[in-house]
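Residue numbers for the sequence shown follow UniProt numbering, so the first one is 1 and each next one is one higher. Where is the CB? At the ideal position from N, CA and C, for every residue including glycine. So the structure is just underneath, and the comments pick up after that.
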Amino acid sequence: MTLPAEVAAAVDGRRLGALIRDVSTLGGLPGGGLDRQTLTKPDLDARRLMVDRCCSLGAQPWRDPAGNFFLRWPATASDEPPVATGSHIDSQPGGGTLDGAYGVCAAIEVLAALASTGARLRRPVEAVIWTNEEGCRFAPGTMGSSAFADPSALDEFLAATDGSGATFGEGLAQLDAAFPDVPLRPLGVPLHAFVEAHIEQGTTLEDTANTIGIVERIQGSRWFRFQTRGAASHAGTTPRSRKRDALAAAVEVASALYGLLTEGDDALRLTIGRLEVVPGSVNVVPAAVTFTVDLRHPDTEVLDEVEARLRALARPTAGCDVQVMRTMTMSPSLFHPAVVDAVARGARSVGLPSLRMASGAFHDSLRLIRHCPTGMVFVPSRDGLSHNTAEYTDPDDLVAGARVLAHAVAELAGR
Ligand SMILES: [Zn+2]
1 MTLPAEVAAA VDGRRLGALI RDVSTLGGLP GGGLDRQTLT KPDLDARRLM VDRCCSLGAQ
61 PWRDPAGNFF LRWPATASDE PPVATGSHID SQPGGGTLDG AYGVCAAIEV LAALASTGAR
121 LRRPVEAVIW TNEEGCRFAP GTMGSSAFAD PSALDEFLAA TDGSGATFGE GLAQLDAAFP
181 DVPLRPLGVP LHAFVEAHIE QGTTLEDTAN TIGIVERIQG SRWFRFQTRG AASHAGTTPR
241 SRKRDALAAA VEVASALYGL LTEGDDALRL TIGRLEVVPG SVNVVPAAVT FTVDLRHPDT
301 EVLDEVEARL RALARPTAGC DVQVMRTMTM SPSLFHPAVV DAVARGARSV GLPSLRMASG
361 AFHDSLRLIR HCPTGMVFVP SRDGLSHNTA EYTDPDDLVA GARVLAHAVA ELAGR
């Protein structure tokens, strides 16, 4: 057996399942699911559990100024940059137990598998916990991985406040106080590669009856804000010919947008998620409506084409002025072929049906792309549910994903 196959075979499903269960009690909600927002007590408790688990395996813990944790399995030549694997353990206020936490638990299981085989690889292997991926307590999300890849970003993050006025910087100070035993190292240390295991949070794997997603890219996103302007007037006295109803115009534009979605290919995503009506009174013809559009696709050319058609809707409609503005752009991002291929070999070696695919959601891995060769492994999400307490993945699939991760990590760290 090759060394990567030996490490993959040493992944222990019961040990992994027990760790996922133990971690999910920290911030666990009475009816199931989680509220473990970043740098709250449940987050710190979960980090303590993971640090202790890794130290008992013989790993060395580190943290950095953004609160990222690195649990390092030593190598034969320890001055080589490590292969890192992990994700986040913070959740949405009503999140599931697997979004993020699965990737960290699988990373720790890789360390446990290395420990049980006694394997020493050419490069160290580090299990990583990235801080504040979700961005629900402190915006924006992926703060820890962003600051790791670009340390100049941290200063701005420190001032971010939560709903009670506490800052991200204060949260980090509490983390420092809770982990005096975990030594500090700088942001952005060199990594040989980064691999993240994550639940898919979509239905592609389930719909195609595949167990493993070999993630090649993260799709691009663009956000827009539409505004329609008419005139407020009395709902009872304004004749149809004089009405300049901003909501009527918005509805026309919105239905044209939904039309783009039905004409586009299956990978096109278009969501109108927020709509504000002014003045918002039951008996006043709306004067102005603002609504958002979230547009996603893996290909830039398709995004360009849909954007051009979307912009063409910014013309006088139903007696109202219509304007559109782009408010956010995230280009499609490609993962590194060396890591993608290592994941593919992992899937093949453990004999599981797999699919090369794009990620629909953002992940910490998106930030790591500019730091080192990066890739991801997906496992199915039942009904695609995530950011939901009912999030679920078959335990066999969780173990399968961890085996593929172990194979990929051992291969990358061994050569
Ligand atoms: Zn996540």
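- Around the C-beta of His407, 16 or more other C-beta atoms lie within 10 Å, and the residue is accordingly described as buried.
- With at least 16 other beta carbons inside 10 angstroms of its own, Gly95 counts as buried.
- Nearest neighbour of Asp150 by Cα position, chosen from Trp223, Asp64, Glu216 and Glu134, turns out to be Asp64.
- Cβ-Cβ separation between Ala106 and Gly401: approximately 6 Å, consistent with a contact (criterion under 8 Å).
- The beta carbon of Leu121 sits closer than 6 Å to those of Ala75, Ala413 and Gly414, all from its chain and outside the five residues before and after it, given in chain order.
- DSSP, read as helix, strand or coil, puts Leu368 in helix.
- For Ile272, there is no enclosing alpha helix (DSSP H), as DSSP marks it with neither H nor E.
- At a cut-off of 4 residues, the continuous stretches assigned as alpha helix (DSSP H) that sit fully inside the stretch 128–176 are 143–149 and 154–158.
- For Pro316, the three-state secondary structure derived from DSSP is coil.
- Ligand 1 never approaches Ser333 closely enough for any of its heavy atoms to be under 7 Å from the residue's Cβ.
- Inclusion of Gly100 in the 7 Å shell around ligand 1 follows from its C-beta lying nearer than that to a non-hydrogen atom of the ligand.
- The continuous beta strand (DSSP E) containing Ile199 extends over residues Ala193 to Ile199.
- A direct Cα-Cα distance of roughly 9 Å separates Ala314 from Thr228.
- For Thr85, the beta-bridge partners assigned by DSSP are Ala127 and Val195.
- No residue range can be given for His336, since it is assigned to no alpha helix (DSSP H) and is classified by DSSP as neither H nor E.
- Look at the beta carbons and you see the stretch 333–349 not touching the stretch 173–189: under three pairs across the two are nearer than 8 Å.
- A residue is called buried once 16 or more other Cβ atoms fall within 10 Å of its Cβ, and Val282, having fewer, is exposed.
- Around the beta-carbon of Met325, fewer than 16 other beta-carbon atoms lie within 10 Å, marking it exposed.
- Phe226 sits close to Val253, with the two beta carbons spaced by under 8 Å.
- With 16 or more neighbouring CB atoms inside 10 Å of its own CB, Leu16 falls in the buried class.
- C-alpha of Ala390 to C-alpha of Gly32: approximately 7 Å in a straight line.
- DSSP places Thr238 outside both helix and strand once states are collapsed to three, so it counts as coil.
- Judged by pairs of C-beta atoms under 8 Å, the stretch 33–40 touches the stretch 86–93, as three or more such pairs exist.
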